[in-house]
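J.: Per the working numbering, the sequence shown runs over residues 822 to 940.
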Amino acid sequence: MEEKCVHRVKGETLIIYLPEELDHHTADKIRECTDELFVCKKIRDVIFDYQNTGFMDSSGIGLIMGRYREVKYLKGDVYIVGVHTKIARILEISGLYRVAKQMNNVDEALRDIERKYKK
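1. By Cβ distance below 7 Å, which residues in the same chain neighbour Asn-926 in space, the five residues on each side in sequence not counted?
2. What residue range does the beta strand (DSSP E) around Ile-868 cover?
3. If you reduce the DSSP assignment to three classes, tell me which class Leu-895 lands in.
4. To the nearest angstrom, how far is the alpha carbon of Leu-843 from that of Arg-919?
5. Go ahead and pull the three-state DSSP assignment for Lys-907.
6. Which first and last residues belong to the beta strand (DSSP E) in which Thr-874 is found?
7. On the CB-based measure, 16 or more other CB atoms within 10 Å of its CB, does Asp-856 come out buried or exposed?
8. What does the alpha-carbon distance come out to for the pair Glu-833 and Phe-859?
9. Could you tell me the boundaries of the alpha helix (DSSP H) in which Arg-829 lies?
10. Distance check for Lys-863 and His-905, CA to CA, integer angstroms please.
11. Give the secondary structure of Glu-842 by DSSP, where H, G and I count as helix, E and B as strand, and everything else as coil.
12. Going by DSSP, what residue range makes up the alpha helix (DSSP H) through Lys-939?
Spelled out as structure tokens, the structure:
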């Protein structure tokens, strides 16, 4: 079964709903999809929704870091939401919480983005 990039774009925000397993195969597909979206749409912020993700290897870390570099160039932010304990530990050890904002859910991240641009 082929995994596809499940996402939605709201304004200048790309929301990526990560799969149950985020390994090098799925990370490559998500990377291809998001690269296209960065070219076709005006994306400034990215939200990674981990709600359904139970496994992630180093490819997932690379995926987030790559999108982080993209949005930082555009003065945007990366958000990580819906993280379960096992994945949270990986993100903490990797240092991703230093470059990405952690929120409880997508709606909370969207409210933070809205506040940021109202200033």
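Quick reminder that beta carbons are idealized off the backbone N, C-alpha and C, glycines included.
T.: In this structure, then:
1. Around Asn-926, the same chain offers Val-902 and Gly-903 as residues with beta carbons nearer than 7 Å, after the five sequence neighbours per side are excluded.
2. Where Ile-868 is concerned, the enclosing beta strand (DSSP E) stretches over 866-870.
3. coil
4. 21 Å
5. helix
6. That residue, Thr-874, is in no beta strand (DSSP E); it is neither H nor E in DSSP.
7. exposed
8. 10 Å
9. Segment 827-831 is the beta strand (DSSP E) holding Arg-829; no alpha helix (DSSP H) there.
10. 30 Å
11. strand
12. 927-939
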